[in-house]
Amino acid sequence: MAASGLPPLPPQFKAVQHILRSAQELDKREPVVAYYCRLYAMQTGMKIDSKTPECRKFLCKLMDQLEAMKKQLGDNEAITQEIVGCAHVENYALKMFLYADNEDRAGRFHKNMIKSFYTASLLIDVLTVFGELTDENVQHRKYARWKAAYIHNCLKNGETPQ
Amino acid sequence: TGSVGTSVASTEQDELSQRLARLRDQV
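Quick look at the structure:
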């Protein structure tokens, strides 16, 4: 985690480890999505533990990053208006989901499509910063997470996914 | 010292909450 400019991730924040890694990966090509991934990690982290010194230190640094990103992306409507931001993150999550789903239906099973299913499920988690998820989003998240785990296990065991 | 520690933690927690609210234009 040091490469991201953040202190080492406290064990209490293991639940946001993957979303912070996705944020780093998306920084260049999808900075708006990366911003909301960090916002989700921030909110989740604050709910988990904002009292112990190592967690406070981590959250303060994460907040510094968020404030710097907001300043940098300040003229982007997807940052200044959360309703636009919500649509942007939702569209990107759907794009990830559809890519993986198309590969799945075409019988092309590979690491990239597993990652896309998993990232889509993480980005649907991120949508909770804007409010309650729609039933459709809940279903997509469940399906994407299950597919990612199922195909991963099949490939690991040398089996062909059905 | 326990209550002082708790009070400091609570102040810093409030500061984080305030920064988060400002970030999201909720103030």
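Keeping their order, the protein sequence lines are chains Z and U. Using my numbering, you'd call the opening residue of the first sequence number 4 and step up by one each time. Using my numbering, you'd call the opening residue of the second sequence number 4 and step up by one each time. Idealized CB from N, CA, C, for every residue including glycine.
Annotated three-state conformation of His113/Z is coil, per DSSP. For Ser53/Z, a Cβ of chain U is located within less than 8 angstroms of the residue's own Cβ. Contact annotation: in the stretch 62 to 79 of chain Z, residues whose CB is within less than 8 angstroms of a CB in chain U are Leu62, Cys63, Met66, Leu69, Glu70, Lys73. In this structure, Gln20/Z sits away from Ile51/Z, with a CB-CB distance that is not shorter than 8 angstroms. Annotation: the continuous alpha helix (DSSP H) that includes Asp67/Z extends over 56 to 75. Within the model, the alpha-carbon separation for Glu106/Z versus Lys159/Z is close to 18 angstroms.
When 7 angstroms is used as the limit between beta carbons, Met45/Z is near these residues of chain U: Leu23, in chain order. When DSSP states are grouped into helix, strand and coil, Gly48/Z belongs to the helix group. Exclusion of the five residues before and after Ala37/Z leaves Ala26, Leu29, Asp30 as the residues of its chain whose Cβ lies within less than 6 angstroms of its Cβ.
Note that the stretch 122 to 129 of chain Z touches the stretch 92 to 112 of chain Z; at least 3 beta-carbon pairs, one per stretch, sit closer than 8 angstroms. Counting C-beta atoms within 10 angstroms of its own C-beta, Ser20/U has fewer than 16 neighbours from the protein chains shown and is therefore classed as exposed.
No Cβ of chain U is located within less than 8 angstroms of the beta carbon of Glu162/Z. Excluding the 5 residues flanking it on each side, Cys89/Z has same chain C-beta neighbours closer than 6 angstroms at Phe133, in chain order. Following the DSSP letters along the chain, one finds Phe100/Z inside the alpha helix (DSSP H) bounded by residues 85 to 108.
In summary, Val35/Z is buried, with 16 or more beta-carbon neighbours lying within 10 Å of its beta-carbon over all protein chains present. Taking 8 angstroms as the CB threshold, Met116/Z stays off the interface with chain U. The beta carbon of His155/Z is closer than 6 angstroms to those of Ile117 in its chain, skipping five residues each way along the sequence. For Glu85/Z, the nearest beta carbon of chain U is closer than 8 angstroms to its own beta carbon. At a Cβ-Cβ threshold of 8 angstroms, Val129/Z and Val92/Z count as neighbours. Just so you know, the alpha carbons of Asn140/Z and Ala96/Z end up roughly 10 angstroms apart.
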